[in-house]
Each structure stands twice: as C-alpha cells, then as structure tokens.
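Residue numbers (my numbering): 38 to 252.
Beta carbons are placed, not taken as given, at the ideal position from N, Cα and C, and that holds for glycine.
Please read these numbers as outputs of a predicted model, since none were measured by experiment.
Everything on this sheet refers to the single structure shown next.
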Ligand code: DGL
C-alpha cells in the first residue's frame, strides 16, 4: 500500500516518519514543494492552490491510496477544494483547538501557526465551535517555518514567541504548523511544566488508519 505525505517543506517529514513508524509495511512517499514556493506561511490560498495541484497529481499518478496533507496551512484553507478534484482520501490536519480547550484549566491556550492558517475560516470555525470559552493567544510565528526549514531557529526566537503566552497564563501550547514539530522538545523545555505542548501526529495516524480501514 502506498501513502502520500505532502508538505511545503520539512515539517511533513516528521509526519511521514510517524506514518512510517505506525505502518511499517506501507510505502510512504513524502513530497514537499521543491519549486521555491516555500514558505507558504503568508501566501494566499489561491496562490498555494496552484502550487499544490501538480504535487497531488504526481502522488495520485504514483498510485497513492491516500494522501496526508501534513501542512496546516493547506489543510485549513484548501482541503475542500482539493477533495473536489482528487478522488482518493485526503487526511487533513489542523490546529488542535478542541483537545486544547478540553485540556486547559486556566482557560488560556496558545496557538502557534502560520498567518495564513490563523486567518482561515476553518480556524475561526474551530475556535467558535470548540473554544469552550477559552482565550486563544496567537504568538507571532510568521518566520518560524522559514527559520526551521533553513536550520536557523534559535532559543531566543522561540522564547520571544512562547514566554509572553506563558506569562499570560497559557497552560496548553498547540503546534499548528508541522515545521514546529521539530522544535517540540525545545518548546517543552521552555514551558518547563507550565504548559502542555500538543501536536497532531498520533491523531493523524489514527485517522489515516480509520480511512484505510486498518483499525
Ligand atoms: N508546515 C506548514 C504547516 O503546517 C507550513 C510551513 C510554511 O510553508 O510556512 O502549516
């Protein structure tokens, strides 16, 4: 069985690793955007749509039975349009607003995501529907995916994003961009027990198994 995993860059590699670990017999094809469109962080959904179409075409032509959209920016803005075009299951991931709101006892949650994700109607809907009265802080992470992709992220920049949210009482930090999975440990260390850090890899794997009727 062949499964496609897509992202703009190296964020999706961490999701592909999780899929490979959970489904060792599957042939996982990881594709990222190699055409110098990265980062998607601040680009418009219409622009991003044109970038991703040929890559999804390629994954379908390669025989993928499902594609994991390991990019919150694409999932939150384009999954509906992509599902109309492609006839195989597309597994989307999006900021974990619902689990975060359920987990928070302070009622303050930090959502780290790209500007395009934070501006999406889907994200607004998630907060409206599952927000449970929480305050959602959205630290400025607009350059994080770029810095991580180019191995230029550092502790100071992470602290700049996270510390004000912790000081404001955030007890859950959501990683709403797959690039940030690569700095999960650093964020966890900075949080130092003050906040739980959530990212969606295990939920995505569970959803993929459901879609493929493996569980
Ligand atoms: N990794 C992507 C996400 O999950 C976005 C990275 C980017 O292209 O800025 O949103």
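Of the candidates 201, 96, 215, 65, 201 places its Cα closest to the Cα of residue 145. Counting only residues whose CB is nearer than 6 Å to a non-hydrogen atom of ligand 1, the list in chain order is 44, 45, 46, 48, 75, 76, 77, 78, 108, 109, 110, 151, 154, 182, 214, 215, 216. It is roughly 21 Å from the alpha-carbon of residue 78 to the alpha-carbon of residue 193. The beta strand (DSSP E) runs lying completely inside the stretch 137 to 188 and spanning 3 residues or more are 145 to 149, 172 to 174, given in chain order.
For residue 235, the three-state secondary structure derived from DSSP is strand. Excluding residues up to 5 positions away in sequence, 113 lie with their Cβ nearer than 6 Å to the Cβ of residue 159 in the same chain.
The C-beta distance from residue 141 to residue 208 rounds to 5 Å, short enough to meet the 8 Å contact threshold. Straight-line measurement puts the Cα of residue 136 at about 10 Å from the Cα of residue 169. Comparing alpha carbon positions, the residue from 43, 221, 230 closest to residue 130 is 43. Residue 134 and residue 157 have their C-alpha atoms spaced approximately 14 Å apart.
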